[in-house]
Amino acid sequence: MNVTVQLLELFQVDKELRGLTSRVDQAEKFLAEQEGLLGDLSKSRNSIENQVKTLKATVANEEGEIARLDERINTVREQMNQARNSKEYNAFQTELNTFKTERSSAETRLLEAMARMEELSAKLEKMNTEHSERDKITRGAVTQRDAGLAEVKDRLGVLKAKRDELAGAIPASIRVEFEQVVRARGDDAMATVEIIDRRAYEASCSSCMMTIPVEALSGLMSGKLTKCPSCRCFLFLEEGAMDKPSAKTTKKRTSKKQATATGAE
Ligand SMILES: [Zn+2]
Numbered sequence: 079m080n081v082t083v084q085l086l087e088l089f090q091v092d093k094e095l096r097g098l099t100s101r102v103d104q105a106e107k108f109l110a111e112q113e114g115l116l117g118d119l120s121k122s123r124n125s126i127e128n129q130v131k132t133l134k135a136t137v138a139n140e141e142g143e144i145a146r147l148d149e150r151i152n153t154v155r156e157q158m159n160q161a162r163n164s165k166e167y168n169a170f171q172t173e174l175n176t177f178k179t180e181r182s183s184a185e186t187r188l189l190e191a192m193a194r195m196e197e198l199s200a201k202l203e204k205m206n207t208e209h210s211e212r213d214k215i216t217r218g219a220v221t222q223r224d225a226g227l228a229e230v231k232d233r234l235g236v237l238k239a240k241r242d243e244l245a246g247a248i249p250a251s252i253r254v255e256f257e258q259v260v261r262a263r264g265d266d267a268m269a270t271v272e273i274i275d276r277r278a279y280e281a282s283c284s285s286c287m288m289t290i291p292v293e294a295l296s297g298l299m300s301g302k303l304t305k306c307p308s309c310r311c312f313l314f315l316e317e318g319a320m321d322k323p324s325a326k327t328t329k330k331r332t333s334k335k336q337a338t339a340t341g342a343e
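The working numbering puts the first residue of the sequence shown at 79, with every later residue one more than the last.
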């Protein structure tokens, strides 16, 4: 087995591995996005919950304050009724006015807090709905990711073992170079050679469509590891490529000739 055939086997295993992992990766990415959104929602919801809690305390405080002032106002009113002279009466009157002003401020603060609390409670309710919807989506994404993982797990194990075996049999320097090309070109790291004219040794790279020099083609045929001089992918010959009758080839040649002729006119 020559090294091109070994690389081709590795390439095909890698391709399948990439396909399987990219599916799981996508599910993983979707899940991470949902978890991020859910986390943001939880954070905003907590903040609003805290604000509502603080407002509830404010409302209770102000209600207490108003009750206290009401009590004092009643007491002062009774005292006014029992005032012995106008001086005493006026003193109670001043006190009463102070309490009334204080009560009015407390009432304003209470109403403000209640209005804000109502507003935030409505917002909170909306957020709870959003949160439970997002939570449902997130749980669905977990199920989907797990199902995807379970589905490919066995096949991944088989492929990884096969990959190790194949990679181990290829000389390290070639394997490193191959892996570099795979990183750069992905599924286009290897390409088959398209024979245009087998007798004239005319061929092109099926990845970039550029012509392959005769020396490169004969090198490839003799088992030499060959890269496309144009796009730098590793080339391989499909089995029997050089033995096929050239029906397609003749047609191509004809159309090429015609094109040349048309172009010359
Ligand atoms: Zn090429």
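Quick reminder that beta carbons are idealized off the backbone N, C-alpha and C, glycines included.
| Query | Result |
| --- | --- |
| Does the beta-carbon of Asp-92 have 16 or more other beta-carbons within 10 angstroms, so that it is buried, or is it exposed? | buried |
| Along the chain, where does the alpha helix (DSSP H) that runs through Leu-315 open and close? | Leu-315 -> no alpha helix (DSSP H), and no H or E assigned at all. |
| Considering only the beta carbon of each residue, do Thr-270 and Leu-303 sit closer than 9 Å? | no |
| Which residues in the same chain have their Cβ closer than 7 Å to the Cβ of Met-192, if we skip the five residues on either side of it in sequence? | Val-137 |
| Might you give, ordered along the chain, the residues of its own chain that have their beta carbon closer than 8 Å to the beta carbon of Ala-339, omitting 5 neighbours on each side? | Bear in mind that the predicted position of Ala-339 carries a pLDDT of just 43, short of 50, making it unreliable; the figure below should be weighed with that in mind. Excluding residues within five positions, none has a Cβ falling inside 8 Å. |
| Locate the alpha helix (DSSP H) running through Thr-99, then write down its first and last residues. | 81-159 |
| Taking DSSP as the reference, what is the three-state secondary structure of Ala-225? | helix |
| Is the CB-CB distance between Arg-233 and Glu-106 below 9 Å? | no |
| Which value, in whole angstroms, describes the spacing of the CA atoms of Asp-321 and Asp-275? | 11 Å |
| Okay, do the region 292-307 and the region 81-88 touch, 3+ Cβ pairs below 8 Å being the bar? | yes |
| Would you mind stating whether Ile-151 and Arg-181 have Cβ atoms separated by less than 9 Å? | yes |
| When the distance is taken between beta carbons, is Val-130 closer than 9 Å to Met-195? | yes |
| Would Arg-96 and Gly-218 qualify as a contact pair, given that the criterion is a beta-carbon distance under 9 Å? | no |
| Mind checking whether the beta-carbon of Ala-269 lies closer than 8 Å to any heavy atom of ligand 1? | yes |
| For Lys-305, list the residues DSSP reports as bridge partners. | Phe-312 |
| Buried or exposed, going by whether 16 or more other CB atoms sit within 10 Å of the CB of Met-268? | buried |
| At a threshold of 8 Å, does Met-288 count as lining ligand 1 (C-beta to nearest heavy atom)? | yes |
| Using alpha carbons as the reference points, say which of Cys-309, Lys-231, Ala-278 and Tyr-279 lies closest to Ala-262. | Cys-309 |
| If you measure from the CB of Gly-142, is any heavy atom of ligand 3 nearer than 8 Å? | The ligand content of the structure shown is limited to ligand 1, which means ligand 3 is not among them. |
| Please say whether Glu-149 and Glu-185 have beta carbons closer to each other than 9 Å? | no |
| Using the C-alpha atoms, what's the distance from Cys-283 back to Gln-90? | 18 Å |
| List the whole-angstrom C-beta distance separating Cys-311 from Asp-266, where the pair is believed to meet the contact cut-off of C-beta under 8 Å. | 6 Å |
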